[in-house]
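Here's the structure, in structure tokens; my notes come after.
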Amino acid sequence: MSELLLQAREVTVRFGGLTAVDAVSAEFRAGELVGIIGPNGAGKTTFFNAISGVQAPSSGQLLVNGRDLCGHPPHHYAAAGIARTFQTPRVFADMSVAANIDFGLQFAGRRRKGSWHLRDETSILELIGLTHLAALPAGAITPSQQRALEIGMALATRPRLLLLDEVAAGLTETEVDNMAQLIRRMRDELDLTVVWIEHAVSTLLNYVERVIVLHQGRIIADGTPAEVVRNAEVIEAYLGDEMVEPA
Amino acid sequence: MTSRQLLVRDLLVLLAFAGWALALPHYGSEFVISMALTCLMYVALSSSWGLFCGSTRYMSLATSAFFGIGAYTSAMLLGQFSWIVSILLGAGLAALVAVVMGLAVLHLRGTYFAVLTFGMTELIMHAVTYFEKTFSGTVGRVLTVVPESDTIYLTVLALAVLAVLLSIVLRRSRFGLALLGIGADEQRAQTLGVNTRLIKTAGFALTAAFAGAVGAAMAVRWTYIDPHTVFNPFIGFQTVLIALIGGAATLWGPLIAAIAFSVLAETLRLQFPQIYMMSLGLLLILCVLYLPGGLASLRPETFRAWWRDGRQWLRQLGTTERKHV
Numbered sequence: 001m002s003e004l005l006l007q008a009r010e011v012t013v014r015f016g017g018l019t020a021v022d023a024v025s026a027e028f029r030a031g032e033l034v035g036i037i038g039p040n041g042a043g044k045t046t047f048f049n050a051i052s053g054v055q056a057p058s059s060g061q062l063l064v065n066g067r068d069l070c071g072h073p074p075h076h077y078a079a080a081g082i083a084r085t086f087q088t089p090r091v092f093a094d095m096s097v098a099a100n101i102d103f104g105l106q107f108a109g110r111r112r113k114g115s116w117h118l119r120d121e122t123s124i125l126e127l128i129g130l131t132h133l134a135a136l137p138a139g140a141i142t143p144s145q146q147r148a149l150e151i152g153m154a155l156a157t158r159p160r161l162l163l164l165d166e167v168a169a170g171l172t173e174t175e176v177d178n179m180a181q182l183i184r185r186m187r188d189e190l191d192l193t194v195v196w197i198e199h200a201v202s203t204l205l206n207y208v209e210r211v212i213v214l215h216q217g218r219i220i221a222d223g224t225p226a227e228v229v230r231n232a233e234v235i236e237a238y239l240g241d242e243m244v245e246p247a
Numbered sequence: 248m249t250s251r252q253l254l255v256r257d258l259l260v261l262l263a264f265a266g267w268a269l270a271l272p273h274y275g276s277e278f279v280i281s282m283a284l285t286c287l288m289y290v291a292l293s294s295s296w297g298l299f300c301g302s303t304r305y306m307s308l309a310t311s312a313f314f315g316i317g318a319y320t321s322a323m324l325l326g327q328f329s330w331i332v333s334i335l336l337g338a339g340l341a342a343l344v345a346v347v348m349g350l351a352v353l354h355l356r357g358t359y360f361a362v363l364t365f366g367m368t369e370l371i372m373h374a375v376t377y378f379e380k381t382f383s384g385t386v387g388r389v390l391t392v393v394p395e396s397d398t399i400y401l402t403v404l405a406l407a408v409l410a411v412l413l414s415i416v417l418r419r420s421r422f423g424l425a426l427l428g429i430g431a432d433e434q435r436a437q438t439l440g441v442n443t444r445l446i447k448t449a450g451f452a453l454t455a456a457f458a459g460a461v462g463a464a465m466a467v468r469w470t471y472i473d474p475h476t477v478f479n480p481f482i483g484f485q486t487v488l489i490a491l492i493g494g495a496a497t498l499w500g501p502l503i504a505a506i507a508f509s510v511l512a513e514t515l516r517l518q519f520p521q522i523y524m525m526s527l528g529l530l531l532i533l534c535v536l537y538l539p540g541g542l543a544s545l546r547p548e549t550f551r552a553w554w555r556d557g558r559q560w561l562r563q564l565g566t567t568e569r570k571h572v
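Just so you know, the sequences run in chain order A and B.
Take the first sequence: its position 129, counting from 1, is numbered 129 in my numbering, and each next residue is one higher.
Take the second sequence: its position 105, counting from 1, is numbered 352 in my numbering, and each next residue is one higher.
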């Protein structure tokens, strides 16, 4: 088995009386492309917030390269090679598109040697297809371009593990396919582990090799897409009669 | 202009400004020199304030606290230490207090941060008053060892130039970029690898060091100080006002506004003392409403846009009037 990058052990996040993430244990290994699905409010984004340091878990352990980073600030996670995007793009609107990319290169990505495609601003812009918009302020480009920029900003930290939060939401069918191909390409060519949260399940199931299904804060299934769609609990909780067959 | 050309331009402008301010005492009247000193004081205070608070959008009202700490440091130490050392100690002590204060309140944002920094200023002022009453047996202090007024002027000028120079340099550094990132989206900056707590504390301490140094230099000008003069919240408010009117996130805004402000304030105070504060308030309201980027964001297009909007407004007013008739 390949190297273990991130191990979540019994991670629990509580907001007052609500348990958003309930004792979730999961492992992510080098080179994997994992999807996380689940109905609204299943705790997907909260789980991402926990494993990127944005939301400190109420209890549990987060082992990154064997070191427990639970309760550490986000920049420690960035330094350990975990990068993320946000569901609603949070680009620096007043800075240019190029400067947004440069930001990551200046901080978490500074002392790390990324792969050839992540060597500088230009190469990252090319990868996400925004070269022609480099000089525009990031607030002036379209939402779907901002999504691509979000990914570029995360890549600029030269990560080992990339967490994508609903990057395909609101895109047209063609755009979703292009996005899925980009994600595949990043995993293959950039030597990355990608964890991808998505609401549009059918596309995701076509591209990932492993799916984790969250429901009411708990993992109810963890396996290949083929296994997961046959899982009785998953069908009942989520897929219902909208059953999707992976190609 | 490339970034290199911009750097050269900024440095040349600063050099010209410094040269002019340096020559002023040789031909200006006493009144002009004293006005220039106040002006330079606010250039140093609001430029250094903008350096941290402008780019991170953390509204600190604690400038007068650091100013007062600096003033008291030099008042107490000037007998034993040299002028330069007293100023450095004033800056150092203010920075130290800022680090402690920053660790306590820098996780708060917006109004909470502003109110708490203001509260802490009051706390420090009353603590100093209590200390003086209990241990020194007096409220105010008379400064007996006072350097020449030329020395004070040159020191404040040096601090003002240093504050602008630091703004020029830091704008191009990773530290400056981190401050901008914190201002734009603090959490996003964190996930991209910025140690925001460290950067914010360091930035806050830097601003405080300037206020402390300026306070230490200005204290001797008054020859008699008490907590209510040097911890006067008005110093803090005026610093914030100048920075906001000039454009807190810009390089030249605070400097332009400090000069405009000092001249305007002196003129108004002499000519129309009753409406002095009122007109300052009005100016701030107009700036916030119509010029949110500050004086430094004024361009020919701005005037054209105002002209167009104004005419449109008048025309609309005309049509509504006609409807009524």
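All residues carry an ideal CB built from backbone N, CA and C; glycine is no exception.
Got a sec, what are the start and stop residues for the beta strand (DSSP E) residue i sits in?
| i | result |
| --- | --- |
| residue 210 (chain A) | 210 to 215 |
| residue 35 (chain A) | 33 to 37 |
| residue 12 (chain A) | 4 to 15 |
Of all Cβ atoms in chain A, is any one closer than 7 Å to the Cβ of residue i?
| i | result |
| --- | --- |
| residue 437 (chain B) | yes |
| residue 419 (chain B) | no |
| residue 263 (chain B) | no |
| residue 432 (chain B) | yes |
| residue 440 (chain B) | yes |
| residue 424 (chain B) | yes |
| residue 259 (chain B) | no |
Using the C-alpha atoms, what's the distance from residue j back to residue i?
| i | j | result |
| --- | --- | --- |
| residue 157 (chain A) | residue 352 (chain B) | 29 Å |
| residue 214 (chain A) | residue 161 (chain A) | 20 Å |
| residue 115 (chain A) | residue 346 (chain B) | 39 Å |
| residue 448 (chain B) | residue 307 (chain B) | 12 Å |
| residue 318 (chain B) | residue 465 (chain B) | 7 Å |
| residue 255 (chain B) | residue 106 (chain A) | 24 Å |
| residue 294 (chain B) | residue 501 (chain B) | 5 Å |
| residue 553 (chain B) | residue 462 (chain B) | 40 Å |
| residue 243 (chain A) | residue 234 (chain A) | Its pLDDT being 49, under 50, residue 243 (chain A) is placed unreliably in this model, and the value from its coordinates should be taken loosely. Straight-line Cα distance between these residues: approximately 10 Å. |
| residue 184 (chain A) | residue 207 (chain A) | 7 Å |
| residue 443 (chain B) | residue 516 (chain B) | 43 Å |
| residue 486 (chain B) | residue 342 (chain B) | 18 Å |
| residue 290 (chain B) | residue 94 (chain A) | 26 Å |
| residue 247 (chain A) | residue 228 (chain A) | In this prediction, residue 247 (chain A) scores a pLDDT of 41, lower than 50, which makes its location untrustworthy; the coordinate-derived value is nonetheless stated afterwards. Cα to Cα, residue 247 (chain A) sits roughly 14 Å from residue 228 (chain A). |
| residue 231 (chain B) | residue 39 (chain A) | Summary: the structure shown does not reach residue 231 (chain B), with chain B confined to residues 248 through 572, and so no result is reported for it. |
| residue 349 (chain B) | residue 274 (chain B) | 44 Å |
| residue 131 (chain A) | residue 219 (chain A) | 40 Å |
| residue 558 (chain B) | residue 551 (chain B) | 11 Å |
| residue 574 (chain B) | residue 537 (chain B) | The question about residue 574 (chain B) has no answer, for chain B in this structure spans 248 to 572. |
If we define contact as Cβ-Cβ less than 7 Å, is residue i a contact residue for chain B?
| i | result |
| --- | --- |
| residue 215 (chain A) | no |
| residue 122 (chain A) | no |
| residue 170 (chain A) | no |
| residue 103 (chain A) | yes |
| residue 180 (chain A) | no |
| residue 56 (chain A) | no |
| residue 87 (chain A) | no |
| residue 74 (chain A) | yes |
| residue 47 (chain A) | no |
| residue 146 (chain A) | no |
| residue 157 (chain A) | yes |
| residue 160 (chain A) | no |
| residue 243 (chain A) | Caution applies to residue 243 (chain A), whose pLDDT of 49 falls short of 50 and renders its modelled position unreliable; the value that the coordinates give is listed next. False, the Cβ-Cβ gap to chain B never drops below 7 Å. |
| residue 15 (chain A) | no |
| residue 247 (chain A) | For residue 247 (chain A), the predicted model reports a pLDDT of 41, less than 50, meaning its position is unreliable and no value from the coordinates is stated. |
Going along the chain, which residues of its own chain have a beta-carbon closer than 8 Å to the beta-carbon of residue i, five neighbours each way excluded?
| i | result |
| --- | --- |
| residue 55 (chain A) | 13, 46 and 49 |
Pull up the CB-CB distance for residue i and residue j, whole angstroms please, since I reckon it's below 8 Å.
| i | j | result |
| --- | --- | --- |
| residue 151 (chain A) | residue 85 (chain A) | 6 Å |
| residue 10 (chain A) | residue 20 (chain A) | Wrong, their Cβ atoms sit about 15 Å apart, outside the cutoff. |
| residue 167 (chain A) | residue 147 (chain A) | 6 Å |
| residue 209 (chain A) | residue 3 (chain A) | The pair is not a contact, with the Cβ atoms about 16 Å apart (cut-off 8 Å). |
| residue 375 (chain B) | residue 474 (chain B) | 5 Å |
| residue 42 (chain A) | residue 100 (chain A) | Contact doesn't hold; Cβ gap of about 30 Å is too wide. |
If you drop the 5 nearest sequence neighbours on each side, which residues of the same chain put their C-beta closer than 7 Å to that of residue i?
| i | result |
| --- | --- |
| residue 7 (chain A) | 27 and 63 |
| residue 70 (chain A) | 57, 60, 61 and 62 |
Along the chain, where does the alpha helix (DSSP H) containing residue i start, and where does it finish?
| i | result |
| --- | --- |
| residue 468 (chain B) | 443 to 469 |
| residue 219 (chain A) | Element bounds for residue 219 (chain A): not the alpha helix (DSSP H) but the beta strand (DSSP E), 218 to 223. |
| residue 369 (chain B) | 357 to 378 |
| residue 513 (chain B) | 500 to 518 |
| residue 296 (chain B) | 277 to 296 |
| residue 352 (chain B) | 330 to 352 |
For residue i, which residues of its own chain have a beta-carbon under 6 Å away from its beta-carbon, when the five flanking residues on both sides are left out?
| i | result |
| --- | --- |
| residue 504 (chain B) | 489, 492, 493 and 542 |
| residue 338 (chain B) | 456, 459 and 460 |
Any heavy atom of the ligand GDP within a distance shorter than 6 Å of the CB on residue i?
| i | result |
| --- | --- |
| residue 410 (chain B) | Absence of the ligand GDP from the depicted structure is noted, as is the absence of any ligand whatsoever, leaving it without description. |
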